[in-house]
Amino acid sequence: MPAKTSLIGLKFGRLNVLETAPSVRFPCGTVRTRSLCVCDCGAKLVAMNYALKSGHTKSCGCLQREKAAASNFKHGYARQAGKGKTYFTWRNMIERCNPNGHRMDSKHYSGRGITVCARWRSFENFLADMGEAPKGHTLGRKDNNGNYEPGNCEWQTQAEQTRNTRRNHIVTVDGITGCLTDVAHHFGFTCVQICNRLRRGWDMQKAFHTPLLSHRPARSKASISAAASSSQCPGPLLLRGEPPPGPGG
Ligand SMILES: [Zn+2]
Numbered sequence: 203m204p205a206k207t208s209l210i211g212l213k214f215g216r217l218n219v220l221e222t223a224p225s226v227r228f229p230c231g232t233v234r235t236r237s238l239c240v241c242d243c244g245a246k247l248v249a250m251n252y253a254l255k256s257g258h259t260k261s262c263g264c265l266q267r268e269k270a271a272a273s274n275f276k277h278g279y280a281r282q283a284g285k286g287k288t289y290f291t292w293r294n295m296i297e298r299c300n301p302n303g304h305r306m307d308s309k310h311y312s313g314r315g316i317t318v319c320a321r322w323r324s325f326e327n328f329l330a331d332m333g334e335a336p337k338g339h340t341l342g343r344k345d346n347n348g349n350y351e352p353g354n355c356e357w358q359t360q361a362e363q364t365r366n367t368r369r370n371h372i373v374t375v376d377g378i379t380g381c382l383t384d385v386a387h388h389f390g391f392t393c394v395q396i397c398n399r400l401r402r403g404w405d406m407q408k409a410f411h412t413p414l415l416s417h418r419p420a421r422s423k424a425s426i427s428a429a430a431s432s433s434q435c436p437g438p439l440l441l442r443g444e445p446p447p448g449p450g451g
């Protein structure tokens, strides 16, 4: 055999070349050199040398079978009734924290340096550590500035999530410090009302000390729904029914 065609001793993917195998001649006249290989899994096979060198053949087939099994696991899992939520939660987490992603909310995650630990890049590991999402729960971080990793994550109810988010909106008005919602309640406003004022460029003093208009002109349905859709508060709207806490709350 010419030395240039011998691949003996080389490794391609999972395949270790043991010896040169008889070449094969195709009906078109093309002759292909071949090698006897042993796969990391122990299986032996004869592979075309050009396919080994081009990277087309990397294993006895075990590599494709493993990839297919992993893919089936993910997608089969996503389809199972009631269990898809855990998978989509995991996928959302990965996408939010992808610094090269295109999600609008990435600025609150990857944009703040929030990452997913190496172990949880695998859905199987995430599932093993966190278990399935209980009904009515979402994935939350105990430390909002911490990463997605075991120890900092738990399945939280909406109220727990909201409380966690509230820690991000701490304000001080007239010596009273608390989350925006609590301080707004203290001054007789809702979080949405204050948020809207601040968004319009009002300063804190004006936003908290200007009484609401008691007699508003009647508004059309369209303008009310437009206002409602634009008045989404970054804070906890769900706590609007909560009793207002005392000063310092
Ligand atoms: Zn193999």
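In the working numbering, each residue's number is its place in the sequence shown (first place is 1) plus 202.
Here a beta-carbon is modelled for each residue, glycine too, at the ideal position from N, C-alpha and C.
Quantities reported herein were computed from a predicted structural model and do not represent experimental measurements.
Distance CB(LEU265)-CB(CYS239) smaller than 8 Å: Working through the sequence shown from its first residue, we reach residue 265 at position 63. Working through the sequence shown from its first residue, we reach residue 239 at position 37. Going by C-beta atoms, LEU265 is not nearer than 8 Å to CYS239.
Is TRP357 near PRO336, with beta carbons less than 8 Å apart? Walking along the sequence shown from the start, residue 357 turns up at place 155. Walking along the sequence shown from the start, residue 336 turns up at place 134. In this structure, PRO336 lies closer than 8 Å to TRP357 by Cβ.
By how many angstroms is the C-alpha of GLU362 removed from the C-alpha of VAL385? Position 183 of the sequence shown, counting from 1, holds the residue named residue 385. Position 160 of the sequence shown, counting from 1, holds the residue named residue 362. One C-alpha to the other measures close to 19 Å.
What are the start and end residues of the alpha helix (DSSP H) that includes SER349? Taking the sequence shown and counting its residues from 1, the one referred to as residue 349 is at position 147. The sequence shown places Asn at residue 349, rather than the Ser named in the question. Note, ASN349: premise wrong, no alpha helix (DSSP H); not H, not E.
Report yes if the CB atom of GLY338 is closer than 8 Å to the CB atom of THR359, and no otherwise. For the purposes of this step, residue 338 is taken as residue 136 along the sequence shown, with counting starting at 1. For the purposes of this step, residue 359 is taken as residue 157 along the sequence shown, with counting starting at 1. In contact: GLY338 and THR359 (Cβ atoms closer than 8 Å).
Please confirm whether ARG227 and MET250 have their CB atoms less than 8 Å apart. As a working mapping, residue 227 is identified with position 25 in the sequence shown. As a working mapping, residue 250 is identified with position 48 in the sequence shown. Not a contact, by the Cβ cut-off of 8 Å.
Please confirm whether any heavy atom of ligand 1 lies closer than 7 Å to the CB of ARG298. Here residue 298 refers to the residue found at position 96 of the sequence shown. The answer is no for ARG298.
Which runs of the alpha helix (DSSP H), 4 residues or longer, sit entirely within the region 252-313? 264-281, 286-298
When you compare each of THR232, GLY231, GLY257 to LEU212 by their alpha carbons, which one comes out closest? One-based indexing of the sequence shown puts residue 212 at position 10. Considering only alpha carbons, the answer is GLY257.
Starting from ALA249, follow its DSSP beta bridges and name the residues at the other end. Here residue 249 is taken as the residue at index 47 of the sequence shown, counted from 1. ALA249 pairs with SER237.
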